[in-house]
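Read through the structure below, which is laid out as structure tokens, and then see the notes.
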Amino acid sequence: MKTTIEFKENSLELPSKIRVSIGSAILIGLKRGFINAPSETIYLMTFYEGRCLANCGFCAQARESKTDLNYLSRVAWPIFETEKVISKIGETKFKVKRICIQSLNYPKAFNDIVNLAKALIKFNIPISVSCQPFNETQLHILKYLGIDKISIPLDAFTKEIFEKIKGSARKSPYRWETHFEALKKAVKIFGEKNVTTHLILGLGETERDVCFLTQKLTDIGVNVAFFALTPLKGTLLENFPPPALTYYRKAQLARYLIVSHRIKFNEIKFNNEGEIINLNIPKEELINLVKSGKPFLTSGCPNCNRPYYNEKVSGPIYNFPRPLTEKEINETLNLLKTII
């Protein structure tokens, strides 16, 4: 779906309301509370009176979802006056290293992102945008405004799963090919490593699917960020189980090796079920890498750690928002013993 826009460089028509993740609201002084794992990114979400036009089966904001609109994944997103939020960011900008604007799909979404970016760019804080596939002109405008990173979430590892979960089968505006083309255009405009896609593990993909798509996206200059499926009551996938932790850790390790160019997909050995059986990396090197904890940290834009986006504070933790403890490293080594 294309959006017709009239870009007025010197105009500013801020949306009156905006959502702020609860952790970010505490960080900048809009709410009182304790932050278990502080973040240096402020997470904002465009506000829309109603549900998203898309119908992704895992999303609280989806058109047919019955989940509370105040949530996205496990995170609460209270509503505030936009001008107040911008003022608070200005007062606390010394704490902030990135601003992330996440957008629902609705008719004025692009215009709202543009106006928010215009208001925020004065703080000289890097800005990321996570959004639907916009057209080439719109992508150029976002780049021109000073947005340095953009994310267009594929969410699924295969075309079949994509169409079933967030595409044609869901009567949603999204198509696999359109998303891929948008990612390629975004790389041309923003540059390699400045474009990210989010991928959800636990939708029925195999470890082979995970590694194949991670390699394909890496080859075209797209960053790959992993999420664990969070079954939310009121969504299509409310009865799906979250991914097994061993499966997720194997995927994280493989992802890290691929995106850091230590291995390629065709060097990984899989069994007939598509499970990783050999990463073709020396055992000592793998053990040292696991001990570093780096493959298991939150992946995405610089300074983004998305605390407890996928998990309860009590665990299990899928994406660590902070360095792993010695106990967590030993637990991870045990989970990965079949491929180390």
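Residue numbering for the sequence shown follows our numbering, starting at 1182 and increasing by one per position.
Each residue gets a CB set at the ideal place from its N, CA and C atoms; glycine is no exception.
For the beta strand (DSSP E) that contains Ser1311, what are its first and last residues? Counting along the chain, the unbroken beta strand (DSSP E) around Ser1311 starts and ends at 1308 to 1311.
Rounded straight-line distance, which links the Cα of Ile1302 to that of Ala1350: 39 angstroms
Short of 8 angstroms in beta carbon distance, which residues of its chain neighbour Lys1276, apart from the five on each side in sequence? Order them along the chain. Leu1208, Ile1209, Glu1221
Kindly indicate which three-state DSSP category Thr1416 falls into: helix, strand or coil? coil
Taking Cβ to Cβ, would you say Thr1339 is nearer than 8 angstroms to Glu1388? no
Distance, Cys1312 Cα to Ile1282 Cα: 8 angstroms
Mind checking which residues open and close the alpha helix (DSSP H) that includes Glu1362? 1357 to 1371
Taking the straight line between their C-alpha atoms, what separation do you get for Ile1223 and Asn1453? 43 angstroms
Assign Arg1213 to one of two classes, buried (16 or more other C-beta atoms within 10 Å of its C-beta) or exposed (fewer than that). exposed
If we ignore side chains and look at the alpha-carbon of each, how far apart do Asn1305 and Lys1265 end up? 18 angstroms
Taking three-plus beta-carbon pairs below 8 angstroms as touching, is the region 1503 to 1510 in contact with the region 1406 to 1415? no
Grab me the residues of Thr1185's own chain with a C-beta within less than 7 angstroms of its C-beta, minus the 5 sequence neighbours each way, in chain order. Interpretation of Thr1185 is limited by its pLDDT of 45, a score under 50 that renders its predicted location unreliable; the figure taken from the coordinates is listed afterwards. Same-chain partners within the cutoff: there are none.
For Asn1316 and Ala1363, what's the separation of their Cα atoms in angstroms? 7 angstroms
Under DSSP, the beta strand (DSSP E) around Lys1303 begins and ends at which residues? First-last for Lys1303: undefined, no H or E at that position.
Going by the DSSP bridge assignment, what does Arg1200 pair with across the sheet? Under DSSP, the beta-bridge partners assigned to Arg1200 are Met1226, Ile1260.
Let's test the definition: count the other Cβ atoms within 10 Å of the Cβ of Glu1492 and tell me whether it reaches 16, buried, or not, exposed. buried
Taking the continuous alpha helix (DSSP H) assigned at Leu1380, which residues delimit it? No alpha helix (DSSP H) holds Leu1380; the beta strand (DSSP E) holding it covers 1376 to 1382.
Nearest residue (CA-CA) to Pro1334, options Phe1451, Cys1392, Arg1356: Comparing Cα-Cα distances from Pro1334 to each of Phe1451, Cys1392, Arg1356, the minimum goes to Arg1356.
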